[in-house]
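Trainee: Letter 13 of the sequence shown, counting from 1, is numbered 13 in the working numbering, and no numbers are missing.
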Amino acid sequence: MGAKEKVLEYLKQHLNKWIHNQELRKISMANDTPRIIRALRQEG
(Lines of atoms letter the chains of each structure in order from A and count residues from 1; the text may use other names and numbers.)
(Lines give C-alpha, C1' and ligand atoms only; values in the text may rest on other atoms or scores of the structure.)
Protein backbone atom coordinates (compact mmCIF):
# COMPACT_ATOMS: atom_id res chain seq x y z
CA MET A 1 0.00 0.00 0.00
CA GLY A 2 1.37 3.39 -0.98
CA ALA A 3 1.60 6.51 1.16
CA LYS A 4 -1.48 8.09 -0.40
CA GLU A 5 -3.59 5.01 0.22
CA LYS A 6 -2.40 4.78 3.83
CA VAL A 7 -3.29 8.43 4.48
CA LEU A 8 -6.70 8.04 2.83
CA GLU A 9 -7.57 4.95 4.88
CA TYR A 10 -6.43 6.64 8.09
CA LEU A 11 -8.52 9.72 7.34
CA LYS A 12 -11.57 7.56 6.59
CA GLN A 13 -11.18 5.81 9.94
CA HIS A 14 -10.89 9.13 11.81
CA LEU A 15 -13.64 11.23 10.24
CA ASN A 16 -14.49 14.49 12.02
CA LYS A 17 -11.30 14.37 14.08
CA TRP A 18 -8.41 16.81 13.98
CA ILE A 19 -5.25 15.03 12.87
CA HIS A 20 -1.80 16.58 13.14
CA ASN A 21 0.52 16.55 10.14
CA GLN A 22 3.18 14.68 12.12
CA GLU A 23 0.71 11.89 12.81
CA LEU A 24 0.09 11.51 9.08
CA ARG A 25 3.84 11.43 8.47
CA LYS A 26 4.15 8.48 10.86
CA ILE A 27 1.29 6.65 9.17
CA SER A 28 2.47 7.20 5.60
CA MET A 29 6.23 7.00 6.23
CA ALA A 30 6.53 10.00 3.88
CA ASN A 31 7.79 13.51 4.57
CA ASP A 32 5.67 15.22 1.94
CA THR A 33 2.24 14.73 3.46
CA PRO A 34 0.98 18.19 2.36
CA ARG A 35 1.45 17.07 -1.26
CA ILE A 36 -0.49 13.88 -0.54
CA ILE A 37 -3.33 15.84 1.07
CA ARG A 38 -3.49 18.24 -1.90
CA ALA A 39 -3.64 15.31 -4.31
CA LEU A 40 -6.47 13.70 -2.33
CA ARG A 41 -8.41 16.98 -2.29
CA GLN A 42 -8.06 17.35 -6.06
CA GLU A 43 -9.31 13.81 -6.60
CA GLY A 44 -12.35 14.57 -4.47
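For glycine and all other residues, C-beta sits at the position ideal for the given N, C-alpha and C.
Can you tell me whether L24 is helix, strand or coil according to DSSP?
Mentor: helix
Trainee: Excluding five sequence neighbours on each side, which residues of the same chain lie with their C-beta closer than 6 Å to the C-beta of H20?
Mentor: none
Trainee: By DSSP, does I45 sit in helix, in strand, or in coil?
Mentor: Residue numbering for the chain in the displayed model covers 1 to 44; residue 45 lies beyond these limits and cannot be assessed.
Trainee: Where do the N-terminal and C-terminal ends of the alpha helix (DSSP H) with A39 fall, by residue?
Mentor: 33-43
Trainee: Find out if the Cβ-Cβ distance for the pair K4, I36 is shorter than 8 Å.
Mentor: The answer is yes: Cβ separation under 8 Å.
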